[in-house]
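Each remark here refers to the structure printed beneath this line.
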Amino acid sequence: MLKIYNTLTGKKEPFEPLTAGTVKMYVCGVTVYDECHLGHARSALVFEMIRRYLEHSGLSVTFVKNFTDVDDKIINRANELKIPWQAVTARYIDAYYRDMGRLGIQPATVEPKATEHMAEIIALVQVLIQKGVAYQVNSDVYFQVEKYGAYGRLSKRKLDDMQAGARVEVDECKRHPMDFALWKGAKPGEPSWDSPWGKGRPGWHIECSAMSMKHLGETFDIHGGGADLIFPHHENEIAQSCGATGKEFARYWIHNGFVQINQEKMSKSLGNFFTIREIFEKSEWSQEITGEVLRYFLLTNHYRGPLDFSDQGLREAKHAVDGFYDLFNRLKEPAKTEGPVNEKFTTAIERTRSTFKQAMDDDFNTPEAVAELQGFRSEVNKLLEAGLSTKAGKQARELFRSLGSVLGLFQLEQWQFNVVLSDIGVSGLTDAEIDRLKDERNEARKQKNFARADEIRKTLAEKGITLEDRPDGTTRWKR
RNA sequence: GGCGCCGUACCCAAGUGGCUAAGGGAGCAGUCUGCAAAACUGCGAUGCGGCGGUUCGAACCCGCCCGGCGCCUCCA
Numbered sequence: 020m021l022k023i024y025n026t027l028t029g030k031k032e033p034f035e036p037l038t039a040g041t042v043k044m045y046v047c048g049v050t051v052y053d054e055c056h057l058g059h060a061r062s063a064l065v066f067e068m069i070r071r072y073l074e075h076s077g078l079s080v081t082f083v084k085n086f087t088d089v090d091d092k093i094i095n096r097a098n099e100l101k102i103p104w105q106a107v108t109a110r111y112i113d114a115y116y117r118d119m120g121r122l123g124i125q126p127a128t129v130e131p132k133a134t135e136h137m138a139e140i141i142a143l144v145q146v147l148i149q150k151g152v153a154y155q156v157n158s159d160v161y162f163q164v165e166k167y168g169a170y171g172r173l174s175k176r177k178l179d180d181m182q183a184g185a186r187v188e189v190d191e192c193k194r195h196p197m198d199f200a201l202w203k204g205a206k207p208g209e210p211s212w213d214s215p216w217g218k219g220r221p222g223w224h225i226e227c228s229a230m231s232m233k234h235l236g237e238t239f240d241i242h243g244g245g246a247d248l249i250f251p252h253h254e255n256e257i258a259q260s261c262g263a264t265g266k267e268f269a270r271y272w273i274h275n276g277f278v279q280i281n282q283e284k285m286s287k288s289l290g291n292f293f294t295i296r297e298i299f300e301k302s303e304w305s306q307e308i309t310g311e312v313l314r315y316f317l318l319t320n321h322y323r324g325p326l327d328f329s330d331q332g333l334r335e336a337k338h339a340v341d342g343f344y345d346l347f348n349r350l351k352e353p354a355k356t357e358g359p360v361n362e363k364f365t366t367a368i369e370r371t372r373s374t375f376k377q378a379m380d381d382d383f384n385t386p387e388a389v390a391e392l393q394g395f396r397s398e399v400n401k402l403l404e405a406g407l408s409t410k411a412g413k414q415a416r417e418l419f420r421s422l423g424s425v426l427g428l429f430q431l432e433q434w435q436f437n438v439v440l441s442d443i444g445v446s447g448l449t450d451a452e453i454d455r456l457k458d459e460r461n462e463a464r465k466q467k468n469f470a471r472a473d474e475i476r477k478t479l480a481e482k483g484i485t486l487e488d489r490p491d492g493t494t495r496w497k498r
């Protein structure tokens with residue numbers, strides 16, 4: 020039984036979808052005005068993992084993830100770059116797909132854009148006005164928070180408490196300082212759409228209500244995003260949506276923790292962020308490997324906790340993933356013994372399958388799930404030592420592939436281990452040069468000229484290259 | 001001021017009431033190897049920030065304290 024920590028109740032709850040066998044989930048994507056950083060990657064990865072696991076569990080998932088493509092920051096960026104705002108959003112949507120593609124993150128079922136849902140947004144605002152929970156001031160429309168009695172139930176705040184410490188600028192037009200804009204009248208030159216209140220654009224929160232309801236219905240199963248969206252964004256979404264429909268909005272709210280640098284939140288304002296692009300471009304590993312290492316690194320932390328990013332952490336993740344692919348390579352080598360799959364092995368397969376599921380069922384505990392795969396890796400290595408048949412080896416690889424697919428790991432056929440930088444990496448040697456030395460050494464070994472063989476090993480070792488002689492007579496190298 | 005999160009070995013990180021506190025990395029010793037690497041074996045917290053309390057029993061529940069962080073303003 021899958022349990023999910025629900026921000027709304029503050030508890031882990033058994034997950035029961037509204038309609039058995041199907042899950043409808045909505046996740047707040049990004050505002051496309053700049054490159055994505057690691058924090059965006061984490062969020063995207065976490066919700067993709069959740070989606071993958073739900074599907075792996077046999078559920079049919081409709082996954083909606085939006086792009087916010089009209090917003091103050093976009094307008095500012097366009098002015099800064101002196102290009103049309105549509106060019107800004109187009110550029111960063113492309114960048115988004117490029118970066119997420121590198122991480123192996125699959126697109127959602129539906130990826131709606133705010134600008135393509137103006138009719139729905141306007142209709143929703145109209146309903147809110149009709150119901151008396153929103154009011155118009157000049158060409159702006161505000162949601163009146165006091166009309167929604169349960170306001171604050173997600174973020175566990177009281178309206179009164181917020182007023183006390185509110186640093187919100189006093190806006191004479193608003194009936195309550197916490198009232199928020201549903202529709203903003205346009206100033207000259209700003210992007211705008213026709214509406215009953217004049218030309219303008221939607222407020223930030225309303226688009227998610229409109230788009231989720233359109234694609235998933237008024238009540239759906241899961242709504243997610245980064246922990247920083249709990250307030251005000253998600254709180255306001257609830258107020259608007261429930262205010263309009265009188266029904267429950269999302270049933271389970273899931274929020275991921277922040278990526279930190281030296282124990283501090285990674286954010287634009289602190290200037291301590293790494294973009295996904297620069298991580299890939301600076302990486303000494305190939306794109307595929309960097310992607311998998313990054314996934315491994317991010318998923319060995321629980322999604323709700325904070326995660327400290329560091330080069331050391333990344334290197335350790337690389338080493339750990341290497342260990343898995345080392346095993347996969349061993350599994351390809353001729354088996355020591357053939358014969359029926361032994362009982363120990365069958366037990367290990369079954370235990371891994373069931374404990375992996377247990378871990379994932381417990382609020383998507385990926386660190387524990389990965390630990391289980393580590394345990395299985397070690398076990399297969401031991402069995403291999405004792406003699407494991409080719410058939411069993413294939414089964415093991417298949418299990419890694421199938422459970423790994425939930426995390427987006429272990430899908431590669433060929434793990435290079437080595438640097439595949441555009442040129443030659445830190446070693447100062449090209450792949451071809453290393454291969455030539457490797458061959459020369461093997462020739463020397465055949466002739467029992469171990470002095471020469473060791474000399475070559477030493478030369479390469481000084482350049483950070485490790486040679487590994489395999490039982491089948493071949494030699495592998497790693498940087 | 002309000003609300004909330006975190007603190008487990010040298011490092012990363014599970015465990016949230018009951019067998020000897022997962023797993024990985026690093027380290028040390030050994031097996032294997034022409035030498036290595038990989039793999040395997042062994043070693044490592046009598047204690048889970050501190051102090052009290054509840055309980056037959058707590059890293060896990062409660063209280064207080066210390067340390068770090070986040071949200072309340074755009075933010076994944």
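Quick note: the first sequence uses this note's numbering, first residue 20, plus one each step.
Backbone N, C-alpha and C fix where the C-beta goes; we use that ideal spot for every residue, glycine too.
With respect to the 8 Å criterion, I475 and E462 are not classified as neighbours on the basis of their beta carbons. Excluding five sequence positions before and after R270, the CB atoms of its chain that fall closer than 6 Å to its own CB belong to D240, given in chain order. Within the same chain, E311, R314, Y315 come within 7 Å of L428 by CB-CB distance, once the 5 residues on both sides are set aside.
Taking 8 Å as the upper bound for CB-CB distance, L326 and M68 are not in contact here, some 14 Å apart.
Under the three-state reduction of DSSP output, H56 falls in the strand class.
Counting only the Cα atoms, I484 lies some 48 Å from W272.
A straight line joining the alpha-carbon of L402 with that of A388 spans about 21 Å. Residues of the same chain with a CB within less than 7 Å of the CB of K363, apart from the 5 flanking positions on each side, are L402 in chain order. With at least 16 other beta carbons inside 10 angstroms of its own, K84 counts as buried. In terms of CA proximity to G406, V360 leads the group V360, D382, T493. Bounds of the beta strand (DSSP E) holding D240 are 239-245.
Sequence-distant partners of S302 (beyond 5 residues in either direction) whose C-beta falls short of 7 Å from its own C-beta, in its chain, are T309. Looking at the backbone, the Cα of I368 and that of T108 are separated by about 47 Å. Around the CB of C47, 16 or more other CB atoms lie within 10 Å, so the residue is classed as buried. With distances taken between CA atoms, I249 lies nearest to L173 out of G219, G342, L173, S214. Per DSSP, C192 is not a residue of any beta strand (DSSP E), being assigned neither H nor E. Taking C-beta separations shorter than 6 Å and ignoring five residues to either side along the sequence, the partners of V80 in its chain run V42, R70, L73, E74, following chain order. Here the region 96-115 lies against the region 50-57, with 3 or more beta-carbon pairs under 8 Å apart. Remark: C-beta atoms of Y154 and Y161 approach each other more closely than 8 Å. In summary, F469 is exposed, with fewer than 16 beta-carbon neighbours lying within 10 Å of its beta-carbon over all protein chains present. Q163 and F199 have their C-alpha atoms roughly 7 Å apart. Here S79 carries a strand assignment [DSSP, helix/strand/coil]. Annotated three-state conformation of Q155 is strand, per DSSP.
Within 10 angstroms of the beta-carbon of K203 lie 16 or more other beta-carbons, which makes it buried. DSSP lists F82, I241 as the bridge partner or partners of M44.
The C-beta distance from Y45 to H242 rounds to 5 Å, short enough to fall under 8 Å. Counting only the Cα atoms, A229 lies some 12 Å from I257.
Within the same chain, and ignoring the five residues on either side of E398 in sequence, the residues whose Cβ sits closer than 7 Å to its Cβ are A367.
Within the region 350-381, the runs of alpha helix (DSSP H) at least 4 residues long that lie entirely inside it are, in chain order, 362-380.
Relative to the Cα of G120, the nearest Cα in the group Q306, T38, P353, T493 belongs to Q306. In this model, K465 and K337 are separated by some 33 Å (Cα to Cα). G204 is bridged by DSSP to G219. Residue burial annotation: N98 is exposed, with fewer than 16 other C-beta atoms found within 10 angstroms of its C-beta. Checking the DSSP bridge columns, you'll see L486 partnered with W496. For Y161, the pairing in a beta bridge is given by DSSP as Y154, A200. Judged by their CB atoms, K31 and D380 are not nearer to each other than the 8 Å cut-off.
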